[in-house]
């Protein structure tokens, strides 16, 4: 027995900024996926996942009462399935900034929510915001405070444009140019990152006026411009803004960048062979890269595995 598949996601633009109302753009990434399974798998992974689902079922029980009217689940069916050994079989690496808990939340909502908003409906802004709110509460179990965007992306399997906290829409992105030299790629840092401490650090920094001004006048400005350029296919302008954004992140988000990548990050800005940015909250996991010449970037990043996500 096998449930539907839920995919990982990549937040191309907007990490941290969307907490403070910047634009954001999130796309499904079908290379990694997960599904609920029941097949008497006694592996350590299946047992660990099953144990985690047991605790999650308890959390959802409380959530139903606490957030009365927001969402309700067939808890009885969920608990029975968990008791029967259900687990989440997933290839999505955890702590890599590509939405491993988001896919699980989407799978649970899809199967156990009663009176759920379905993908086939006319998804008005109100419905999208309602889903985002539900998913935010559901995902908080995994890392403190959640925007709900990762599960939303996984559930809909559509690119999502974040205009502001209260204004999100599904969108289409320009078709890939498979013949093009340019690419968006993932770079594996070789270590996992923890979301909660990174977000906490960001919130601490936000107490300083200088940091707040930098977020508003530089980080959000360049992020918004990148989103506009990407959606409109303005590649030249996009790379100008990406360079600025990469610079701002390097200067102000050093703790979120694994130290062994500091030099590579700077090298990209200096040579223009590629630009790096955070993928998710940082601290490990994947780093996002953008280049106008993939072969050049591969040479410059020799020894690192580049996973191409999108071609320009």
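Residue numbers (the UniProt record's numbering): 1 to 312. Even glycine gets a Cβ: it sits at the ideal position worked out from N, Cα and C.
* By Cβ distance below 7 Å, which residues in the same chain neighbour residue 146 in space, the five residues on each side in sequence not counted? -> What you label residue 146 is simply residue 146 of the chain shown in a count that begins at 1. Only 136, 139, 140 meet the Cβ criterion.
* Asked: Candidates 158, 173, 287, 200: which alpha carbon is nearest residue 120's?
  -> Numbered from 1 along the chain shown, position 120 holds the residue referred to as residue 120. A check of alpha carbon separations from residue 120 across 158, 173, 287, 200 identifies 158 as the nearest.
* DSSP state of residue 10 mapped onto helix, strand, coil -> Along the chain shown, read from residue 1 onward, the residue named residue 10 stands at position 10. If DSSP states are grouped into helix, strand and coil, residue 10 belongs with the strands.
* Taking just the CA atoms, how far does residue 249 sit from residue 193? -> As a working mapping, residue 193 is identified with position 193 in the chain shown. As a working mapping, residue 249 is identified with position 249 in the chain shown. If you take the alpha carbons of residue 193 and residue 249, they lie about 17 Å apart.
* Rounded C-beta distance between residue 6 and residue 107? I'm assuming under 8 Å. -> Locating residue 6 in the chain shown gives position 6, where the first residue counts as 1. Locating residue 107 in the chain shown gives position 107, where the first residue counts as 1. About 5 Å separates the beta carbon of residue 6 from that of residue 107, a gap short enough to meet the 8 Å contact definition.
* Cutoff 6 Å; reference residue 244; Cβ partners in own chain excluding five residues on either side -> Start at 1 with the first residue of the chain shown, and residue 244 comes out as number 244. Scanning its chain for C-beta atoms nearer than 6 Å, with the 5 sequence neighbours on each side dropped, one finds around residue 244 the residues 222, in chain order.
* Alpha carbon of residue 65 to alpha carbon of residue 312, nearest angstrom -> Along the chain shown, one-based indexing puts residue 65 at 65. Along the chain shown, one-based indexing puts residue 312 at 312. Distance between the alpha carbons of residue 65 and residue 312 is about 48 Å.
* **Residue from 14, 26, 302 whose Cα sits closest to the Cα of residue 173** => By 1-based counting over the chain shown, the position of residue 173 is 173. Closest by alpha carbon: 26.
* Verify whether the separation of the beta carbon atoms of residue 24 and residue 308 is less than 9 Å. => Your numbering for residue 24 matches position 24 in the chain shown. Your numbering for residue 308 matches position 308 in the chain shown. Contact: no.
* Assess, as a yes-or-no matter, whether the region 61 to 75 is touched by the region 254 to 270 under the definition of 3 or more beta carbon pairs within less than 8 Å. => Flag = no, the region 254 to 270 and the region 61 to 75 do not touch.
* Option in 92, 246, 126 with minimal Cα separation from residue 167 -> For the purposes of this step, residue 167 is taken as residue 167 along the chain shown, with counting starting at 1. Nearest to residue 167 by alpha-carbon distance, out of 92, 246, 126, is 126.
* In terms of residues, what are the limits of the beta strand (DSSP E) holding residue 87? -> If you number the chain shown from 1, residue 87 lands on position 87. It spans 87 to 90 - the beta strand (DSSP E) in which residue 87 sits, taken as one unbroken run.
* Alpha carbon of residue 242 to alpha carbon of residue 46, nearest angstrom -> For the purposes of this step, residue 242 is taken as the residue at position 242 of the chain shown. For the purposes of this step, residue 46 is taken as the residue at position 46 of the chain shown. Take the alpha-carbon of residue 242 and the one of residue 46: they are about 41 Å apart.
* To do: Could you name the residues that DSSP lists as bridge partners for residue 16?
  => Stepping through the chain shown from its first residue, residue 16 is reached at position 16. Partner(s): none; residue 16 has no beta bridge.
* Which residues mark the beginning and the end of the beta strand (DSSP E) in which residue 26 is found? -> Along the chain shown, one-based indexing puts residue 26 at 26. If you look at residue 26, you'll find it in the beta strand (DSSP E) that goes 24 to 37.
* Quick check: the region 291 to 299 against the region 171 to 186, are there 3 or more CB pairs under 8 Å? -> Yes: at least three Cβ pairs fall under 8 Å.
* **Under the three-state DSSP convention, the category residue 110 falls into** => Along the chain shown, read from residue 1 onward, the residue named residue 110 stands at position 110. Residue 110: helix per DSSP, three-state reduction.
* To do: Pick helix, strand or coil for residue 312, following the three-state DSSP scheme.
  => Counted from its first residue, the chain shown places residue 312 at position 312. Coil.
* Could you please give the first and the last residue of the uninterrupted alpha helix (DSSP H) stretch that includes residue 139? => On the chain shown, residue 139 is found 139 positions in, with the first residue counted as 1. Looking at the DSSP string, the run of the alpha helix (DSSP H) that includes residue 139 is 125 to 143.
* Give the C-beta separation of residue 279 and residue 10 to the nearest angstrom, bearing in mind that I take them to be a contact with Cβ-Cβ under 8 Å. => Counted from its first residue, the chain shown places residue 279 at position 279. Counted from its first residue, the chain shown places residue 10 at position 10. That pair is a contact at about 7 Å.
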